[in-house]
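Chains A and V are the protein sequences, given in the same order.
Heads up: the first sequence begins at 0 in numbering that gives the first Met the number 0, then just goes up one per residue.
Heads up: the second sequence begins at 0 in numbering that gives the first Met the number 0, then just goes up one per residue.
2 protein chains.
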Amino acid sequence: MLDPLWCLTHVNGMKQKFSFQLHATSGKARRGTISTPRGDIRTPAFMPVGTAATVKAMLPGSVRETGADILLGNTYHLMLRPTAERIDHLGGLHKFMNWERPILTDSGGFQVMSLASLRKMSEDGVMFKSHIDGSKHHLTPERSIEIQKLLGSDIVMCFDECPALPAGLDEIARSMRMSMRWAERSRVAFGDRPGHALFGIQQGGLDQGLRAESALALKNIGFEGYAVGGLAVGEGQKAMFDVLDFAPDQLPLDKPRYLMGVGKPDDIVGAVARGIDMMDCVLPSRSGRTGQVFTRRGVVNIKNARHQDDPRPLDEFCSCPACSNYSRAYLHHVFRSHEIISSMLLTWHNLHYFQELMRLMRDAIDIDSFADFQARFYAERALGDVEPL
Amino acid sequence: MLDPLWCLTHVNGMKQKFSFQLHATSGKARRGTISTPRGDIRTPAFMPVGTAATVKAMLPGSVRETGADILLGNTYHLMLRPTAERIDHLGGLHKFMNWERPILTDSGGFQVMSLASLRKMSEDGVMFKSHIDGSKHHLTPERSIEIQKLLGSDIVMCFDECPALPAGLDEIARSMRMSMRWAERSRVAFGDRPGHALFGIQQGGLDQGLRAESALALKNIGFEGYAVGGLAVGEGQKAMFDVLDFAPDQLPLDKPRYLMGVGKPDDIVGAVARGIDMMDCVLPSRSGRTGQVFTRRGVVNIKNARHQDDPRPLDEFCSCPACSNYSRAYLHHVFRSHEIISSMLLTWHNLHYFQELMRLMRDAIDIDSFADFQARFYAERALGDVEPL
């Protein structure tokens, strides 16, 4: 039998390219499609995080059912376990984790900073010790790109340094400029890979001038897409939105713009309103495991005793399996009983909610009614959760 | 829309009864169907255990996909959390856990003995403290039946005492006779419930005479089915098979025979060969969570380093999602990484394997070739796992 993916990549020559089409705008919000040999990505897109070659507590088919077009994989985790070379020998990350659609991988830099110990940074790259077994590793722009190639990533991210905020302007500038030199090394290391993309990452903290300098440096190198990096690192929503009021405009109009590590539903809506096309966050899956549930009417904490006799679904308008088949009382019971099905159902619900949010935004942009969507979004949240019975 | 279950129970009057038909035998092995208003149970049947209103790490639809016709629920766990009264108010256990097909509940007695603390046994019943919150509870035959009714169980088990082996013959006899008095009290408490069944439980340890006395007492009371109790409590396979060489023959031919808490694949084959129709065990789900996998060629420990580069499935002939979509290398990786998908996939595989085993036995009995099936079963196991690459 012909492999469908083979057909897609080899028979349909049109699909071999990586490309981005912008279909519509509504205010600054953008509606588009990223085309890749492994399938289209409808933007604005939310990418669930599959850290260690799995979106935690979900089968890949279920992730797809929620509406996800693309997953994010973490270079840092995968290089340590099971290792990029092993995944390569086994046929690449898509085959390994049974996800045939596009995968974006981060560069590993961010998690070296947040998870590894004994980090030593230099112009060349960063030395660190694995948080799993203490083994020593050296990550450079060249090695990060090599790992992402071994994984078979469709969208590869430049290796950069993401300084923790707050930091002095000098430090932000120094770090950004090194990241721009690393972006150039990443571009060279990536080479020519039709159907695959390399994204540059804008840095510069909260400073408009440094952000502009960074954007210019990236545009001069030239990338298939551009990320707004260095946000969602503790600066708060207002500061983030202030940056997003100018940062996306500094990037090319005709390429996808990716806001890394964002976020909460209202972060996402605010980012899309400011011209962001792609986002990723562990929030829906991590919250699913801790009993925090996202609904149109805000956050529900399923462990709260108010749910223990409640026959109603989490959200009467939600069509996910948790809402279609189970009461709040059941979800409360299995969460309290530490049953795995609790993580499975609540993660599914949260991912479904996030993808529905993206779909509603895409639909609103298509008919140039994003402002109306935003008004409804905030009005529904203002209602708060349904009253206890 | 008409509820399919309503149609099943109300339109088709034929289906309202609980009944058992024996279709074929092969040696002592029996092929039959238990009919209930909630659907048929093909026997020999293996019942996955849904302890706390969930088969751990599985969605009910997935359990059904493995071929399960019926689940087992644990009275002890459910009475403590979320409580039988709560489940009743929420519409019963089937609705609560989203499993519309038959459910058998145990009486709670066995787990009071294995899990609760400060037990105090009397002719009336047993006082104990919850292992969850230390709360005090009193379980009697009447209360056990009441709880199982509140849960909405299709097959209710008599409340009995299951003495730990080894025990002296006097103690076994005393305990068995009290269980027979409790069986009578259970029968009275159960009353007349069309479409539902009450099963008696044979006791008597390893002693043929006591087993005969117990069987006679149960037959005199009269039940819709009969369990062989008091086995799989540490006596070993040989001792269990020795009892199964005579115990099922002491029970009525025309009623289902249920061996409680069994077991490993070869226990199951040996039990079916000796005339058992139903079994349950936590083994496939519990082993799934600890990385122990059952295949035609025996047990595979996925945590073993030999699997880390192995691109082959657990079992090339298995059609479960774990074997269809993933390599041993992936399953090894997610097990080692403590990822929830490991429990999900390995549990699914194990339940699939157990249900396939039942299907193969049913097919073999249908064509009176159970001895051939047994020969193939042991020959395949003797091969051992595939050689490392």
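Idealized CB from N, CA, C, for every residue including glycine.
Local Cβ density within 10 Å of residue i, reported as buried at 16 or more and exposed below that
i             : result
residue 365/V : exposed
residue 289/V : exposed
residue 100/V : buried
residue 140/A : buried
residue 255/V : buried
residue 216/A : buried
residue 374/A : exposed
residue 115/V : buried
residue 286/V : buried
residue 31/A  : buried
residue 135/V : exposed
residue 77/V  : buried
residue 187/A : exposed
residue 247/V : buried
residue 378/A : exposed
residue 167/A : exposed
residue 260/V : buried
residue 382/A : exposed
residue 266/A : buried
residue 165/A : exposed
Paired residues, beta bridge with residue i - DSSP
i             : result
residue 397/A : What the structure shows of chain A is the stretch from 0 to 388, and residue 397/A is not part of that stretch, so it cannot be assessed.
residue 280/A : 47/A
residue 148/A : Looking at the DSSP assignment, residue 148/A forms no beta bridge with any residue, so it has no partner.
residue 57/A  : Paired residue(s): none; residue 57/A is not in a bridge.
residue 197/A : 155/A
residue 227/V : 201/V and 258/V
residue 34/V  : 18/V and 39/V
residue 28/A  : 25/A
residue 126/V : 119/V and 137/V
Beta-carbon proximity list for residue i, same chain, < 6 Å, skipping 5 on both sides
i             : result
residue 152/A : 102 and 104
residue 107/V : 74, 75, 138 and 143
residue 269/A : 240
residue 175/V : 202, 203, 209 and 213
residue 199/A : 157, 182, 217, 222 and 225
residue 43/V  : 271, 276, 357 and 360
residue 109/A : 161
8 Å CB neighbourhood of residue i in its chain, flanking five on each side removed
i             : result
residue 71/V  : 46, 47, 48, 49, 102, 103, 104, 105 and 279
residue 163/A : 112, 232 and 233
residue 294/A : 313, 314, 317, 352 and 384
residue 354/V : 45, 65, 66 and 67
residue 371/V : 363
Contacting residues, own chain, Cβ-Cβ under 7 Å from residue i (five flanking each side not counted)
i             : result
residue 322/V : 312, 313, 314 and 348
residue 27/V  : 272, 273 and 274
residue 117/A : 127 and 128
residue 319/A : 347, 348 and 351
residue 184/A : 140 and 141
residue 195/V : 17, 153 and 155
residue 130/A : 114, 115 and 116
residue 41/V  : 32, 68 and 361
residue 147/A : 74, 104 and 155
Assumed close pair residue i, residue j - CB separation to whole angstroms, cut-off 8 Å
i             : j             : result
residue 380/A : residue 297/A : 5 Å
residue 223/A : residue 197/A : 6 Å
residue 150/A : residue 211/A : Residue 150/A to residue 211/A, Cβ: 33 Å. No contact.
residue 362/V : residue 23/V  : Not really, about 10 Å apart at Cβ, beyond 8 Å.
residue 243/V : residue 309/V : Actually they are not in contact, since the Cβ atoms of residue 243/V and residue 309/V sit about 38 Å apart, beyond 8 Å.
residue 15/A  : residue 193/A : 6 Å
residue 307/V : residue 81/A  : 7 Å
residue 338/V : residue 53/A  : 5 Å
residue 230/V : residue 252/V : At roughly 20 Å, the Cβ-Cβ gap does not stay under 8 Å, so residue 230/V and residue 252/V are not in contact.
residue 25/A  : residue 245/A : Wrong, their Cβ atoms sit about 19 Å apart, outside the cutoff.
residue 284/V : residue 56/V  : 7 Å
residue 325/V : residue 324/A : In fact, because the Cβ distance is near 26 Å, the residues do not count as touching under 8 Å.
Closer than 7 Å: residue i CB and nearest the ligand FMN heavy atom
i             : result
residue 262/V : As presented, the structure is devoid of all ligands, the ligand FMN included, so that no description of it is given.
Query raised in the report: Counting pairs of beta carbons, one from the region 333-347 of chain A and one from the region 338-354 of chain V, are three or more of them closer than 8 Å?
Result: yes
Query - Segment contact, 8 Å Cβ cut-off, at least three pairs: the region 352-367 of chain A with the region 64-76 of chain A - result: yes
Query - At least three beta-carbon pairs within less than 8 Å, the region 197-207 of chain A to the region 224-241 of chain A - result: yes
**Report entry** Touch test, the region 35-51 of chain V against the region 328-335 of chain V, Cβ-Cβ under 8 Å, three pairs minimum
**Finding:** no
Query raised in the report: So, do the region 216-227 of chain V and the region 174-193 of chain V have three or more beta carbon pairs nearer to each other than 8 Å?
Result: yes
Query raised in the report: If you pair each beta-carbon of the region 299-307 of chain V with each one of the region 270-279 of chain V, do three or more pairs fall below 8 Å?
Result: no
Query raised in the report: Does the region 86-103 of chain A touch the region 112-130 of chain A, meaning 3 or more C-beta pairs lie closer than 8 Å?
Result: no
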